[in-house]
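Residue numbers (the UniProt record's numbering): 1 to 660.
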Amino acid sequence: MSSRVIRKLHGDKNLEIPGAALAADGDSDGAEDQDTAVTFTGGTKKKTNINPFDLLLDESNSPSESEGQAEENHETEASLAQADQTGQDAGKRKKKKKRKKSTRQHQNARSSEDNIEDDEVERSVKEVNRILGEAAPAPSINQDYNTTGFGSRKCSLGVEHKHLNPSNELKRIFGSKIIQAETRKKRNQRVRTLKSTWLVTAKENWPQIGKQGLSMKLLETKDGMMYFTLDHNPAYQAVEMKFLDAVESLRPDNIVAVVNMHPYHVNSLLQLSDICRLSEDLAMAAELVERALFALECAFHPSFNVALGTCRLDYKRQQNRSLYVALFKHILFVGGRACYRTALEFCKLLLALDPEQDPLAIILAMDFYALRAREYQWLIDFFEEWEPRRNLSQLPNFAFSVALAHFQLSQSQNGSGDSSLADKMLQEALIMFPGALQQLLDKCSVVVDSKMSSHPFFTLESNKNESQALGQLIQLYVIQSYHVWKEPELLPWLQRNAHTVLDRVTSNDPVIIDAEKKRGIRYAGTPPRNILRYIFLCDRKDLTPQGLPANQLGPIMSLDPLPPSDSVDLYTRPQRSRLPVETNVFTNFFRSLLPHFNIDEAEALVNENENHEEVQEDGGVLNDVTARVRTLMESVRDLMASLTHDSDANESEGDETDTA
1 MSSRVIRKLH
11 GDKNLEIPGA
21 ALAADGDSDG
31 AEDQDTAVTF
41 TGGTKKKTNI
51 NPFDLLLDES
61 NSPSESEGQA
71 EENHETEASL
81 AQADQTGQDA
91 GKRKKKKKRK
101 KSTRQHQNAR
111 SSEDNIEDDE
121 VERSVKEVNR
131 ILGEAAPAPS
141 INQDYNTTGF
151 GSRKCSLGVE
161 HKHLNPSNEL
171 KRIFGSKIIQ
181 AETRKKRNQR
191 VRTLKSTWLV
201 TAKENWPQIG
211 KQGLSMKLLE
221 TKDGMMYFTL
231 DHNPAYQAVE
241 MKFLDAVESL
251 RPDNIVAVVN
261 MHPYHVNSLL
271 QLSDICRLSE
281 DLAMAAELVE
291 RALFALECAF
301 HPSFNVALGT
311 CRLDYKRQQN
321 RSLYVALFKH
331 ILFVGGRACY
341 RTALEFCKLL
351 LALDPEQDPL
361 AIILAMDFYA
371 LRAREYQWLI
381 DFFEEWEPRR
391 NLSQLPNFAF
401 SVALAHFQLS
411 QSQNGSGDSS
421 LADKMLQEAL
431 IMFPGALQQL
441 LDKCSVVVDS
451 KMSSHPFFTL
461 ESNKNESQAL
471 GQLIQLYVIQ
481 SYHVWKEPEL
491 LPWLQRNAHT
501 VLDRVTSNDP
511 VIIDAEKKRG
521 IRYAGTPPRN
531 ILRYIFLCDR
541 KDLTPQGLPA
551 NQLGPIMSLD
561 PLPPSDSVDL
571 YTRPQRSRLP
581 VETNVFTNFF
591 RSLLPHFNID
601 EAEALVNENE
611 NHEEVQEDGG
621 VLNDVTARVR
631 TLMESVRDLM
641 ASLTHDSDAN
651 ESEGDETDTA
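Structure follows, in structure tokens:
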């Protein structure tokens, strides 16, 4: 650009341009870093509105400029590229450099101001600390806790927010485009936004949540642990009583009515989820559990942080058990969708609520989800941290799973290939729990050689003297984890170590006798309540809880299975008014065919009828006749309902046949 055009742009003929210092190296970085002084004379003048592109056109159309002035114009252009902040007359490269320089200068100036403010704040804080003393540091999520009762277990039970969302895991498995296809269709249909939560993601079709009467309060803080409890106000308690009446009526429509009136009543949602699951509507069942978790999280105390691992919830309090059961059911649904990493994260969250008691025995599932999620190192670290206090090696699932985790790490790409530690741990597991081998091989449909199949140490007949508790633990592990052993490299490794164990049995290794003594002492008696709760909530067809407590009368509710003996109850289950019925050998026989028949309950019913008859002696014959008529009418109604249902089914089948 010529000097004439530059003067026209700045509107001043007396423009002085010091180009000598930058003429030699106008395009170098050193020239960009130097500060160019531009002096304007003639006072302040009004800026003229000139289009820079017109000036370029004027320059291209002016033949009067000589070639001798080209070098001078080039030097002038390099100087003005630094002086002019607008940079409209410079090239793209010079614009970028000028922009970077001005940004750097602005940041330096801003950082200087921030440093001054920070220094003033630091001086004020130091002055306050000098007067009042140093304050204790606040706990953070990444901080390791060394408090009593928890120790260093925080690192193994730490919950990561990103792993609580099963959609993130599905994106890693199937790709984000496939998972986001349906959400992209509904993105423009959103009418309202629900509260953002950690445990679940609220859906657009859920109703708006308001003051539901459910809250959480902090009871105490002890040894670094915060103890909370859920609280029900009188309105919520009234809804809870309606729900209990609906459950006692044995009519699902009554439960649906409670949910329609109170869409965020937790126990109603959980019970309706069980009804949907029994009718094989798993999608709706899972959504109802998620809505229950959403309602519970909206009631959390501000200090109740699931990621810290220092928040406790007493299972003895009846109102707290809904959170335990909701988390357990959510783990089952998430694991059923093959989101094993997410299920493992929720297992850690559930265990952190009460790590000492573990009321739902979720520790029986953590090893399975860790292996399926290929979190081998986490499983080993968890086992090493908890083994001194909980004796996890005495559980069949951890005895086999930790050995398998060591083997997988040794065979991985970064592994050493040395499986000696894994072999040692697997042999110890086979010696301690010999009854698991044959069941595991049968589930995997593996035919072994005659030496292993005929040896009395591994046969099922030799383990008939196992206690009921140990038998259920082994059966539970085999049913739950036999899929993990179907990998091609695992079964040969299992059989090789089984042959080594047989050699040790033949040589009368004292470890074999010691393990037999331990089995007879440690697994005597009935299974603990938490293991029975786990088996009941898993609801597996091939596994039923055995060894129920002697004081357990009546059916077991899925919302509160086997409550603790020292339970702190807020509600009492309403008893239906029983009409006197005839009890004899035949009626007891037919009742024994029912799945929930209990002989103790039948005896209690007989005693109740006898007492009722004694009371009716003063009431006369009229009351007796009225009661019998009511009983007959109820039987007729049930019979007509069943006949109507059968006729409707036959008509529908006939219509389908006609249409076909």
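Don't be surprised by glycine CBs; every beta carbon is placed ideally from N, CA and C.
Quiz item: Starting from H406 and walking both ways along the alpha helix (DSSP H), at which residues does that stretch end?
Solution: Element bounds for H406: P396 to S410.
Quiz item: Between which two residues does the alpha helix (DSSP H) containing F228 stretch?
Solution: Counting along the chain, F228 sits inside no alpha helix (DSSP H); it lies in the beta strand (DSSP E) bounded by residues M225 to H232.
Self-check item: Continuous beta strand (DSSP E) stretch holding T526: start and end
Solution: That residue, T526, is in no beta strand (DSSP E); it is neither H nor E in DSSP.
Practice problem: Taking only runs that begin and end inside the region 249-320, name each unbroken beta strand (DSSP E) of 3 or more residues, in chain order. | Solution: With a minimum length of 3 residues, the continuous beta strand (DSSP E) runs that stay inside the region 249-320 are 311-313.
Exercise. Measure the CB-CB distance between P263 and P302 and report whether it falls below 8 Å.
Key: No; because the gap between Cβ atoms is not below 8 Å, this pair is not in contact.
Quiz prompt | Where M557 falls: helix, strand or coil (DSSP) | solution = Here M557 sits in coil by DSSP.
Quiz prompt | Residue range of the unbroken beta strand (DSSP E) whose run includes S215 | solution = Segment L214 to K222, the beta strand (DSSP E) holding S215.
Quiz item: Whose C-beta lies closer than 6 Å to the C-beta of A515 among residues of the same chain, with five residues either side of it excluded?
Solution: The residues are I431 and M432.
Quiz item: How would you label R248, buried or exposed, when you count the other beta carbons within 10 angstroms and need 16 or more for buried?
Solution: The sequence given here places Glu at residue 248; Arg does not occur at that position. Sixteen is the threshold: since fewer than 16 other Cβ atoms of the shown chains lie within 10 Å of the Cβ of E248, the residue is exposed.
Exercise. Compute every distance between the C-beta of P561 and the non-hydrogen atoms of the ligand GDP, then say whether any falls below 7 Å.
Key: This structure does not include the ligand GDP; it has no bound ligands of any sort.
Self-check item: Sufficient close CB pairs (3 or more, under 8 Å) joining the region 310-318 to the region 269-284
Solution: Taking a contact to require three or more Cβ pairs closer than 8 Å, the region 310-318 and the region 269-284 do not qualify as touching.
Self-check item: Burial state of Q357, where buried means 16 or more other Cβ atoms lie within 10 Å
Solution: By the 10 Å Cβ count, Q357 comes out exposed.
Quiz item: Buried or exposed: S273, going by 16 or more other Cβ atoms within 10 Å of its Cβ?
Solution: Taking all protein chains in view, the Cβ of S273 is crowded by 16 or more other Cβ atoms within 10 Å, so the residue is classified as buried.
Quiz prompt | Cβ contact (3+ pairs, closer than 8 Å) linking the region 473-482 and the region 362-375 | solution = Contact holds: three or more Cβ-Cβ distances are below 8 Å.
Quiz item: First and last residue of the alpha helix (DSSP H) that includes C347?
Solution: Taken as a continuous stretch (DSSP letters only), the alpha helix (DSSP H) holding C347 covers Y340 to L353.
Self-check item: V159 (DSSP reduced to helix, strand or coil)
Solution: Of the three classes helix, strand and coil, the one that applies to V159 here is coil, per DSSP.
Practice problem: Return the first residue and the last residue of the alpha helix (DSSP H) that R504 is part of. | Solution: Note, R504: alpha helix (DSSP H), L490 to T506.
Exercise. Just the C-alpha distance for A373 and F228, rounded to the nearest angstrom, thanks.
Key: Just so you know, the alpha carbons of A373 and F228 end up roughly 31 Å apart.
Self-check item: Close-in-space but distant-in-sequence residues of the same chain around V446 (CB under 7 Å, 5 per side omitted)
Solution: Once the five neighbours on either side are set aside, the close Cβ partners of V446 are L491.
Exercise. Tell me where the alpha helix (DSSP H) around residue 674 begins and ends.
Key: Not covered by the structure: residue 674. The range shown for the chain is 1 to 660.
Quiz prompt | Simplified DSSP state of V568, which is helix, strand or coil | solution = Of the three classes helix, strand and coil, the one that applies to V568 here is strand, per DSSP.
Quiz item: Out of curiosity, what's the CA-to-CA distance linking A307 and P355?
Solution: If you take the alpha carbons of A307 and P355, they lie about 14 Å apart.
Quiz item: Candidates G335, S410 and A246: which alpha carbon is nearest T271's?
Solution: Note that residue 271 is Gln in the sequence shown, not Thr. Among G335, S410 and A246, the Cα nearest to that of Q271 belongs to A246.
Self-check item: L170 versus G520: straight-line alpha-carbon distance, rounded
Solution: Rounded to the nearest angstrom, the gap between the Cα atoms of L170 and G520 is 45 Å.
Self-check item: Beta-carbon proximity list for I512, same chain, < 7 Å, skipping 5 on both sides
Solution: In chain order, I431, R504 and V505 place their CB closer than 7 Å to the CB of I512, counting only its own chain and leaving out the 5 sequence neighbours on each side.
Quiz item: Going by alpha carbons, who is nearest to A399 out of P488, E428, R389 and T221?
Solution: Nearest to A399 by alpha-carbon distance, out of P488, E428, R389 and T221, is E428.
Quiz item: Are residue 739 and C339 close, meaning C-beta to C-beta below 8 Å?
Solution: Because the chain is modelled from 1 through 660, residue 739 falls outside the range shown and cannot be assessed.
Self-check item: Other residues of its chain near residue 666: CB distance less than 8 Å, five sequence neighbours each side excluded
Solution: Nothing about residue 666 can be reported from this structure: the residues present for the chain run from 1 to 660 only.
Quiz prompt | Which listed residue (V256, M225 and T342) has its alpha carbon closest to that of I173 | solution = Among V256, M225 and T342, the Cα nearest to that of I173 is on T342.
Exercise. Would you grab the beta carbon distance between K217 and D231 for me? Rounded to a whole angstrom, and I think it's under 8 Å.
Key: Right, the Cβ-Cβ distance comes to about 5 Å (below 8 Å), so this counts as a contact.
Quiz item: Around the Cβ of L489, are there at least 16 other Cβ atoms within 10 angstroms (buried) or fewer (exposed)?
Solution: Residue identity differs from the one stated: residue 489 is Glu in this sequence, not Leu. Around the beta carbon of E489, a 10 Å sphere encloses fewer than 16 other beta carbons of the protein chains shown; the residue is thus reported as exposed.
Practice problem: Look up L199 in the DSSP assignment and say whether it is helix, strand or coil. | Solution: Note: L199 maps to coil in three-state DSSP.
Quiz item: Would D560 be called buried (16 or more neighbouring beta carbons within 10 Å of its own) or exposed?
Solution: D560 is buried by the Cβ-count criterion.
Quiz item: In terms of alpha-carbon separation, which member of R522, A436, L332 and C444 lies closest to Y534?
Solution: Out of R522, A436, L332 and C444, L332 has the C-alpha closest to the C-alpha of Y534.
Quiz item: So is P555 buried or exposed if we call it buried at 16+ other beta carbons inside 10 Å?
Solution: Here P555 is exposed: its Cβ has fewer than 16 other Cβ atoms, across all protein chains shown, within 10 Å.
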